[in-house]
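Everything on this sheet refers to the single structure shown next.
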């Protein structure tokens, strides 16, 4: 059995500004750096042997803060963990997109999977690439505990899959706050046992 601890990167400048990130990037805020450090302290007792991060800099910066606290030698990088591409929306403010494209956002609010993001990636393809990567880990790291640093939408899609929820189900999947903790136990035959989902108690000590 391999234990996977999945988390989202710390708060970024574009999170703070309400901008669409996707495959584009923005730096961690001071709060985001602090969130990552608090998360690292929380994870010290988990016996993590390896940290794997998305190849986007906000995830890598979060993973590096965790790595320092856990005193691990390196962060491994995987593009399979990167955020969904939001295409033409990236860099734009969510509130402005809602005003300029209200019809699309009626669908988005009913279920984001229904929306074809202009120039963007489909949620089904993101689920497939990230889930296949997850299922490969018990073979590569048998019996180990891994920390994976990824992104909000990718993380929600992974957790849906782990819980046996459909792509269309947005009611029963919890919001993933920055640095929320999710713990899954994976066996070599693909069985997944969710242990903890979207827990962010450690953020209570991060000042607003």
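Residue numbers (the working numbering): 51 to 258.
Here a beta-carbon is modelled for each residue, glycine too, at the ideal position from N, C-alpha and C.
- Residues of the same chain with a CB within less than 8 Å of the CB of residue 210, apart from the 5 flanking positions on each side, are 177, 216, 217, 219, 223 in chain order.
- Taking C-beta atoms as the reference points, residue 221 and residue 56 fail to come closer than 8 Å.
- Checking the DSSP bridge columns, you'll see residue 246 partnered with 233.
- In this structure, DSSP gives residue 186 a helical state, which the three-state scheme calls helix.
- For residue 253, the secondary structure class from DSSP, reduced to helix, strand or coil, is helix.
- Cα atoms of residue 205 and residue 226: separation of roughly 7 Å, rounded to the nearest angstrom.
- Take the alpha-carbon of residue 192 and the one of residue 100: they are about 12 Å apart.
- Excluding residues up to 5 positions away in sequence, 136, 137, 139 lie with their Cβ nearer than 7 Å to the Cβ of residue 167 in the same chain.
- Scanning the segment 66–134 for uninterrupted beta strand (DSSP E) segments of 3 residues or longer gives 98–104, 126–128, listed from N- to C-terminal end.
- Secondary structure of residue 177 (DSSP, three-state): helix.
- In the three-state reduction of the DSSP assignment, residue 199 falls in the strand class.
- The Cβ atoms of residue 141 and residue 241 lie no closer than 8 Å to each other.
- Residue 54 is bridged by DSSP to 196, 234.
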